[in-house]
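Numbering-wise, the numbering used here puts 25 at position 25 of the sequence shown, and it's gapless, one number per residue.
Ideal Cβ placement from N, Cα and C applies to all residues, glycine included.
Computed from a predicted model, the values in this text were never measured in an experiment.
Here the structure comes first, spelled out in structure tokens, and everything after it is commentary.
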Amino acid sequence: MKLFVGLGNPGKKYENTRHNAGFLAVDKFAEMAKVDIDKSDFKGLFTSFTYNGEKIYILKPQTYMNLSGQAVVSLMNFFKIEVHELYVIYDDMDISPGQIRLKEEGSSGGHKGMQNIIELLGTTDIKRIRIGIGKPEHEGVDHVLQKLTDEDKNVFMEGVNKASVAMRDLLNEDFNAVMNKNNRKEPKPTLSE
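See the structure below:
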């Protein structure tokens, strides 16, 4: 069993903002799986499908970001999903736009949604896919909640797409293999290229 949780804020106001990277990534993953995230329960929208005999769940909490753990815990308890089967997908200002990083455990890095999940589950041993949104020039809240320009959106969506591919890869490969594939530093261009 696997549960992929995309973090975001519900409502039109937050569509196409950096903070909804997790929502967008699980939407892309659901498209690949040819399923709709259309069941409303557990304080979220969710769906499930079976892949190679394994039950896969996708969840988009519909609480505000800082209460995301309520939906996660509710669905996990109902379907008897273990913490080691959970993957949380969300935005991260410490990663460059267009990049992703996978991580097996650790702090929330200041992300309120991830922090709430950690608090409610009582562990930092949660696998995650972090989607880079870059650091703002000014205050962080405006940066994560403002609408993306066309130029910013193209680079941002590269990261969203990479995250959805990483989720697909996790259906067939173990976490460390997918993490190693995605966490490699991009080589810097040289004059000889």
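F175 and P136 have their C-alpha atoms spaced approximately 30 Å apart. Secondary structure note for I117: its alpha helix (DSSP H) is the uninterrupted segment K112 to L121. With a 10 Å radius around the Cβ and a threshold of 16 neighbouring Cβ atoms, S68 comes out buried. With respect to V160, A25 sits close: the two C-beta atoms are nearer than 8 Å. The beta-bridge partner set that DSSP reports for S40 consists of L45. The continuous stretches of beta strand (DSSP E) do not include R18, and DSSP gives it neither H nor E. Looking at the DSSP output, D92 bridges to G132.
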